[in-house]
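Our numbering puts the first residue of the sequence shown at 46, with every later residue one more than the last. Reviewing the structure listed below.
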Amino acid sequence: MSKVDVLLGLQWGDEGKGKAVDFLAPKYDIVARFQGGPNAGHTLEFDGKKHVLHQIPSGIFHPEILNIIGNGVVIDPIVFAREIRDLEPFGVDATKTLVLSNKAQLILPTHKLLDKALELSKGEEKIGSTLRGIGPTYQDKIGRHGLRIGDIIEKDFDEKYQKLKKQHLSLLSALELEDDFIEQENQFFHSLELMRQFRIISTEYLIHESLKSGKDILAEGAQGTLLDIDFGSYPFVTSSNTTTAGACTGLGIAPNQINEVFGIFKAYCTRVGSGPFPTELFNQEGEQLRKLGNEFGATTGRPRRCGWLDIPALNYSCMLNGVTQLFMMKADVLSGVSPVKICESYNSDRGETSEFPYVYNDSYSPIFKEVPSWELDGILEYNNLPHNLKSFISSVEESVHVPITLISLGPDRKETVLKKS
Ligand code: GDP
Ligand code: IMO
Ligand code: MG
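Below, the structure written as structure tokens:
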């Protein structure tokens, strides 16, 4: 019986999960997404081309791999149809290599309207949602009246759709429908036709049969641990469990079927949207990181907030996820940046603490240590990496007590260094 490896983000998303999954995919038979939806933007680069995936797992460019969208995911058919179309010029026939869980939730056009209305009503306290309908769709799931992908192949789908739409419209009654709502709805139904061409099944059975027959599975997380609905900086979070536990509920696997947990982090930190960010830089240094790291959202294009690596946050994420291996991404961005800083703990009105706070407010401030920077020269061999980069790696490993086994030094699949532990 095989086991499942999980790969997930340890910060506020955009750590480079797409690149890492695409890099590791050849070792696996199946890549499966377990939560989130079109709020994700996972970037892959190879053969001089860049691809951004939102709902489709990042193993899709490997024709021999089966990709699964698990029950924990929320799916927007319009985005789905666009993603499938965008894959066609690259010879990817996803109808053969992509399977959808019949239990994944369906994002309706009205979910997106509700997302906008709810966000608008929050005024200054807005979450900075991607407005892709994520929150309202998960709300309907938990409220037990959501529509699932399996419903689209049932005879009474139209009836169910109209019923839920009516509920949404009564909630939205104070608002005018957007001019393009009819067009959105047309696109929605048109996209459902495409979705019906895919295998819509109980993917939990497929996963278990695959494990029994010795197949290797990689579960791909979306967002990051600090955006988790339970453990993230609530309420500035997404609406799903982004942690390892989410892989169990989002795919139907048991905790004892999980093997390695690959935790991905940037050598610094970014965040897009509102909410606390202890090591955020509001100065020229932050601007520099944004520019060097090209830190603009893959889904919304918004500039990402930038700051230094936060060890208490990283420790917290490793603890929650049971991380067995760390992957450090974007170390190239810090090449030539001097000084490089790491936050080791926080000052608080109760003294120094290494605990990630319940509420991060003005009574906290990060305590930084400066480390010597490095210059990269294109070398992709661990032993030949600059001494200061290796010291940075050792310093993080010592603080977090988890080995860093992969170092990413550029967006391309090839710009990846493996460190044998
Ligand atoms: P994800 O959501 O975790 O998959 O990450 P995103 O794709 O949203 O954001 C990561 C960005 O960094 C993308 O533009 C990637 O192409 C890029 N990237 C990934 N790894 C590296 C790296 O090691 N160095 C650099 N410079 N860019 C990287
Ligand atoms: P990937 O998978 C970064 C953020 C949004 C917002 C909050 C809630 O690419 O790492 P939502 O749309 O879920 O209601 O937004 O979460 N957010 C992300 N930030 N990367 C993501 O995904 C994100 N998905 C959601 O910016 O602050
Ligand atoms: Mg992203």
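Positions of the beta carbon are idealized from the N, C-alpha and C atoms, including for glycine.
Notebook entry, point to check: If you draw a straight line from the C-alpha of N112 to the C-alpha of R458, how long is it?
Noted result: 19 Å
Notebook entry, point to check: Alpha carbon to alpha carbon, what distance is there between G396 and F106?
Noted result: 50 Å
Check: Would you call the region 314-329 and the region 113-120 in contact, with 3 or more CB pairs under 8 Å?
Finding: Counting Cβ pairs under 8 Å, fewer than three are found: no touch.
Check: How about A65 and L52: do their beta carbons lie closer than 8 Å?
Finding: yes
Next item on the list: State yes or no: is the C-beta of V382 nearer than 7 Å to some heavy atom of the ligand GDP?
Entry: no
Checklist line | Supposed close pair V119, A149 - CB separation, criterion 8 Å | finding: 7 Å
Note to self: Less than 7 Å separating the Cβ of R335 from some heavy atom of the ligand IMO?
What the structure shows: no
Next item on the list: Tell me whether M374 counts as near the ligand GDP, meaning its Cβ is closer than 7 Å to at least one heavy atom of that ligand.
Entry: yes
Note to self: Quick check on K257: buried or exposed, where buried means 16 or more other Cβ atoms within 10 Å of its Cβ?
What the structure shows: Looking at its Cβ environment, which holds fewer than 16 other Cβ atoms inside 10 Å, K257 is exposed.
Item checked: Per DSSP, cross-strand counterpart(s) of H432 -> BP columns for H432 are empty, so no partner.
Margin query: Is the separation between the beta-carbon of L434 and that of A343 shorter than 8 Å?
Written below: no
Item checked: E90: CB within 7 Å of a non-hydrogen atom of the ligand GDP -> yes
Check: Do three or more CB pairs link the region 288-303 to the region 184-204 at distances below 8 Å?
Finding: no
Next item on the list: From the DSSP output, in three-state form, read off A299 for me.
Entry: Of the three classes helix, strand and coil, the one that applies to A299 here is coil, per DSSP.
Notebook entry, point to check: What span of residues does the alpha helix (DSSP H) with Y183 cover, start to end?
Noted result: I179 to I187
Item checked: Residue from T88, L425 and V445 whose Cα sits closest to the Cα of I452 -> L425
Checklist line | Continuous beta strand (DSSP E) assignments of at least 3 residues falling wholly in the region 75-151 | finding: 75-78, 87-91, 94-98, 111-114 and 143-146
Item checked: E389 - containing beta strand (DSSP E), residue span -> V385 to S393
Next item on the list: Could you name the residues whose beta carbon sits closer than 5 Å to any heavy atom belonging to the ligand MG, keeping them in chain order?
Entry: Residues with a Cβ closer than 5 Å to any heavy atom of the ligand MG, in chain order: D59, G86 and A343.
Checklist line | S453 - partner residues in DSSP beta bridges | finding: T461.
Check: If you drop the 5 nearest sequence neighbours on each side, which residues of the same chain put their C-beta closer than 6 Å to that of D185?
Finding: G191
Next item on the list: Indicate, with yes or no, if the ligand IMO has a heavy atom lying under 7 Å from the CB of R350.
Entry: no
Notebook entry, point to check: Where do the ends of the alpha helix (DSSP H) carrying M364 lie?
Noted result: Looking at the DSSP string, the run of the alpha helix (DSSP H) that includes M364 is I356 to N366.
Check: So does D173 have its beta carbon nearer than 7 Å to some heavy atom of the ligand IMO?
Finding: The displayed chain sequence assigns Gly, not Asp, to residue 173. The answer is yes for G173.
Margin query: At a threshold of 7 Å, does L454 count as lining the ligand GDP (C-beta to nearest heavy atom)?
Written below: Annotation for L454 indicates a beta carbon within 7 Å of some heavy atom of the ligand GDP.
Checklist line | Bridge partner(s) assigned by DSSP for Y313 | finding: W353
Notebook entry, point to check: Taking the beta strand (DSSP E) that V49 falls in, what are its first and last residues?
Noted result: V49 to G54
Notebook entry, point to check: On the premise that S383 lies in contact with S418, defined as a C-beta separation below 8 Å, what is that separation, rounded to the nearest angstrom?
Noted result: 4 Å
Checklist line | Sub-8 Å separation of R349 and T315 beta-carbons | finding: yes
Notebook entry, point to check: Using a Cβ-Cβ cut-off of 7 Å (strictly less than) and excluding sequence neighbours within five positions of C293, which residues of its own chain qualify?
Noted result: A299 and P300
Item checked: C-alpha distance - L356 paired with K94, whole-angstrom precision -> The residue asked about is misnamed: residue 356 is Ile in this sequence, not Leu. Going by C-alpha positions, I356 is about 34 Å away from K94.
Checklist line | Residues sharing a beta bridge with S410, DSSP | finding: N392
Check: In chain order, which continuous runs of the beta strand (DSSP E) of length 3 or greater are located wholly inside the region 231-281?
Finding: Entirely contained in the region 231-281, the beta strand (DSSP E) runs reaching 3 residues are, in chain order, 244-246 and 262-265.
Checklist line | Start and end residues, beta strand (DSSP E) containing F372 | finding: Q370 to M374
Item checked: A65, enclosing alpha helix (DSSP H) - first and last residue -> K62 to L69
Notebook entry, point to check: Between which two residues does the alpha helix (DSSP H) containing Y206 stretch?
Noted result: F202 to L216
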